[in-house]
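Chains as they are written, first to last, in the working numbering: chain A, 1465 to 1798; chain B, 725 to 982.
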């Protein structure tokens, strides 16, 4: 919580140049517009150079981290239980696709719905507390969800839900082909990413910012701050559920790993490494962490140690994260 | 009775047995500027927090504009038109000066839960926000971030933000605290002007300010009301002089006025 505030507070205050190509309508300044176009180009070119399944995994985590950043970066709420939304989203999408036989778009959507529903309940309980207590309550709730997933019959316990069919998009496009699925995942990511940008730059986002900046003052102006926090929490949980659901379809499996507390920690790590409270930081952070996990896999258990070192280095040396520091260097907000 | 807009009856706040505010029955007349004074630790700010519901009272009741607000939440009280300022300057430091005022004006459109709409719709409030900034002499600063403003200007911005809600009653917690003489004069003139057609209750340490502004003064010591009346009456009250005025040399001069 306090770390969040510190990093946001130390961002330089700049007079932003307006965005390019009408991208200011999304709330992007010029630098962000350029970064967005680069991101778009990478999304389009990526699968022709890199393994699509790897990229899809990366995009699922990037969306997850963006959803998490919506809370910590823009409301100042540190959730330490976001795995419950990600993991449950995964379970429900897998169940929907496999048992109910829903089409992939509906399966992913049901992941979002369960994320949002769980978010309303968890948020309603957690936002009554501040700071570290908020984080601890979210962690406790996530552990309860983990236990539920371990015991409930539909999740398959230790085995998880396996052999989830990818199906055909709208009954037309066969998603068992990686390239086809890639475009769907890229579309889901982009939609989520743009939705978050819009939320941040909406009348609602303006109130959220005011609450983050000075909650008692926002209340004294007549804003019921808890309602706004709950709304933000629910939106974040919904997007995390969508990210988890998409990941379940990509790999055809939903397991306990995604509801485990270590996953909640991983998304904190991604957001911090990339740059908390920046638009592109979580994407960058997810890319770095997922890449490390993939290409350092041969080091086995050492991956965790390396990750830990990077985390420590981040906190000590560049607290604003990769994108945050880059923005500071270039004197722009990214 | 009918002409008092804010009324408390036996309002008490205890913290673990310590009585911060004890049995305070206060009546603020509609349209007046009412001062709340007292030595440090007298319970003035606690009173403010009770009146604006940032703290729940242990006992007693609070009525605002004929309505019992004792159990209401702070945001609800603000929506009824009872709006407070804070002792430390309460601005949104990373928002621009214009946006600070606009966030308050935005209340007019309801809850603003619309996360799918562009914040361009808030441009409709820019003109009114500029007027309010003009009113408090901050036009030239509209595009700075609020955190960059000097202290006195922040207080002015806070008043502009409060005014944006067009409150029925304003509660100002030490509006001139820590200000230079020049800033004090500006704020006094401002409060006087904006109090037209409203009720103001202010905590203030600067007795010159109190004398110049307030119609009625309530003196609080150790959480209880010691005296009430006009500045002249209160400053002649021997108990007040002993408990409060006499302890502060700068005030001895003030009391000779009366």
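Cβ atoms here follow ideal geometry from the backbone N, Cα and C, with glycine treated the same way.
Quick one: what's got a C-beta closer than 6 Å to residue i's C-beta in the same chain, skipping five residues either side?
i	result
residue 723 of chain B	Nothing about residue 723 of chain B can be read from this structure; chain B reaches only from 725 to 982.
residue 806 of chain B	788 and 893
residue 1474 of chain A	Since pLDDT at residue 1474 of chain A reaches only 39, below the 50 mark, its modelled position is unreliable, and no value is offered.
residue 1579 of chain A	1549, 1553, 1701, 1702, 1704 and 1705
residue 1490 of chain A	1661
residue 746 of chain B	736, 947 and 948
residue 793 of chain B	786 and 801
residue 778 of chain B	798
I'd like the span of the alpha helix (DSSP H) that includes residue i, first residue to last.
i	result
residue 703 of chain B	Look at the range of chain B in this structure, 725 to 982, and you will see that residue 703 of chain B is not part of it.
residue 1695 of chain A	1689-1715
residue 1581 of chain A	1568-1590
residue 950 of chain B	From DSSP, residue 950 of chain B is part of no alpha helix (DSSP H) but of the beta strand (DSSP E) over 948-953.
residue 1520 of chain A	1516-1538
residue 824 of chain B	821-829
residue 834 of chain B	Looking at the DSSP string, residue 834 of chain B is not in any alpha helix (DSSP H), and its letter there is neither H nor E.
residue 1725 of chain A	1725-1738
residue 900 of chain B	Looking at the DSSP string, residue 900 of chain B is not in any alpha helix (DSSP H), and its letter there is neither H nor E.
residue 801 of chain B	798-803
residue 1623 of chain A	No alpha helix (DSSP H) holds residue 1623 of chain A; DSSP gives it neither H nor E.
residue 859 of chain B	850-859
residue 1596 of chain A	1595-1615
residue 811 of chain B	No alpha helix (DSSP H) holds residue 811 of chain B; DSSP gives it neither H nor E.
residue 839 of chain B	Segment: none, residue 839 of chain B is in no alpha helix (DSSP H) and carries neither H nor E.
residue 769 of chain B	768-775
residue 1758 of chain A	1745-1759
residue 778 of chain B	Element bounds for residue 778 of chain B: n/a, residue is neither H nor E.
residue 1541 of chain A	Per DSSP, residue 1541 of chain A belongs to no alpha helix (DSSP H) and is neither H nor E.
Please report the residue range of the beta strand (DSSP E) in which residue i lies.
i	result
residue 1768 of chain A	Careful: residue 1768 of chain A lies outside any beta strand (DSSP E), inside the alpha helix (DSSP H) at 1766-1780.
residue 897 of chain B	893-897
residue 1559 of chain A	That residue, residue 1559 of chain A, is in no beta strand (DSSP E); its alpha helix (DSSP H) goes 1547-1562.
residue 742 of chain B	742-748
residue 808 of chain B	806-808
Can you name, in chain order, every residue of its own chain whose Cβ lies under 7 Å from the Cβ of residue i, other than the five neighbours on each side?
i	result
residue 922 of chain B	891, 892, 893 and 894
residue 1743 of chain A	1496, 1661 and 1798
residue 1800 of chain A	There is simply no residue 1800 of chain A to check, as chain A begins at 1465 and stops at 1798 in what is shown.
residue 1469 of chain A	Note on residue 1469 of chain A: pLDDT 41, under 50, position unreliable in the model; the coordinate value appears next. If we look at residue 1469 of chain A and ignore the five residues flanking it on each side, its Cβ neighbours are 1540.
residue 1642 of chain A	1516 and 1517
residue 973 of chain B	Here the model assigns residue 973 of chain B a pLDDT of 45, short of 50, so the residue's position is not dependable and the matter cannot be decided.
residue 1760 of chain A	1767 and 1770
residue 825 of chain B	853, 856, 857, 884, 885 and 888
residue 986 of chain B	Chain B is shown from 725 up to 982; residue 986 of chain B falls before or after that span and cannot be answered.
residue 1561 of chain A	1568, 1571, 1628, 1629, 1631 and 1713
residue 1621 of chain A	1614
residue 1487 of chain A	1497 and 1500
Can you check DSSP and say which residues form a bridge with residue i?
i	result
residue 792 of chain B	B:787
residue 1504 of chain A	Residue 1504 of chain A is not bridged to any residue.
residue 735 of chain B	B:748
residue 684 of chain B	For residue 684 of chain B there is no data in the structure shown, the boundaries of chain B being 725 and 982.
residue 1638 of chain A	A:1632
residue 730 of chain B	B:752 and B:788
residue 945 of chain B	B:948
residue 961 of chain B	BP columns for residue 961 of chain B are empty, so no partner.
residue 1718 of chain A	A:1625
residue 1673 of chain A	According to DSSP, residue 1673 of chain A bridges with nothing at all.
residue 869 of chain B	B:820
Give me, in chain order, the residues of the same chain whose beta-carbon lies closer than 8 Å to that of residue i; leave out the 5 immediate sequence neighbours on both sides.
i	result
residue 966 of chain B	none
residue 1763 of chain A	1770
residue 964 of chain B	943, 950, 951 and 958
residue 869 of chain B	817, 818, 819, 820 and 821
residue 769 of chain B	811, 897 and 927
residue 903 of chain B	875, 876, 879 and 911
Can a CB atom of chain C be found closer than 9 Å to the CB of residue i?
i	result
residue 811 of chain B	Although the question refers to chain C, the structure presented lacks it and instead comprises the protein chains A and B.
_Would you call the stretch 1508-1527 of chain A in contact with the stretch 1643-1662 of chain A, where contact means no fewer than 3 C-beta pairs closer than 8 Å?_
yes
_Touch test, the stretch 1659-1673 of chain A against the stretch 821-835 of chain B, Cβ-Cβ under 8 Å, three pairs minimum_ = yes
*Specify whether the stretch 1761-1781 of chain A and the stretch 735-755 of chain B touch according to this definition: at least 3 beta carbon pairs, one from each stretch, less than 8 Å apart.*
no
*Please list the residues of the stretch 734-758 of chain B that have a C-beta atom closer than 7 Å to any C-beta atom in chain A, keeping them in chain order.*
none
*asked:* If the cut-off is 8 Å on Cβ atoms, which residues from the stretch 1663-1687 of chain A count as contacting chain B, listed in chain order?
replied: 1663, 1665, 1666, 1667, 1668, 1669, 1670, 1671, 1673, 1674, 1677, 1678, 1680, 1681, 1682, 1683, 1684, 1685, 1686 and 1687
*Check each residue of the stretch 846-867 of chain B: if its Cβ is closer than 9 Å to any Cβ of chain A, include it; give the result in chain order.*
846 and 867
_Three or more C-beta pairs below 8 Å linking the stretch 1633-1640 of chain A and the stretch 806-818 of chain B_ = no
*Should the stretch 1727-1742 of chain A be called in touch with the stretch 1537-1545 of chain A, which here means at least 3 C-beta pairs below 8 Å?*
yes
*In chain order, what residues of the stretch 1699-1714 of chain A put their CB closer than 9 Å to some CB of chain B?*
1699
*the stretch 906-935 of chain B: which residues have C-beta closer than 8 Å to a C-beta of chain A, in chain order?*
none
*asked:* Tell me whether the stretch 1591-1602 of chain A and the stretch 1686-1696 of chain A touch, counting them as touching only if at least three CB pairs, one residue from each stretch, are closer than 8 Å.
replied: yes
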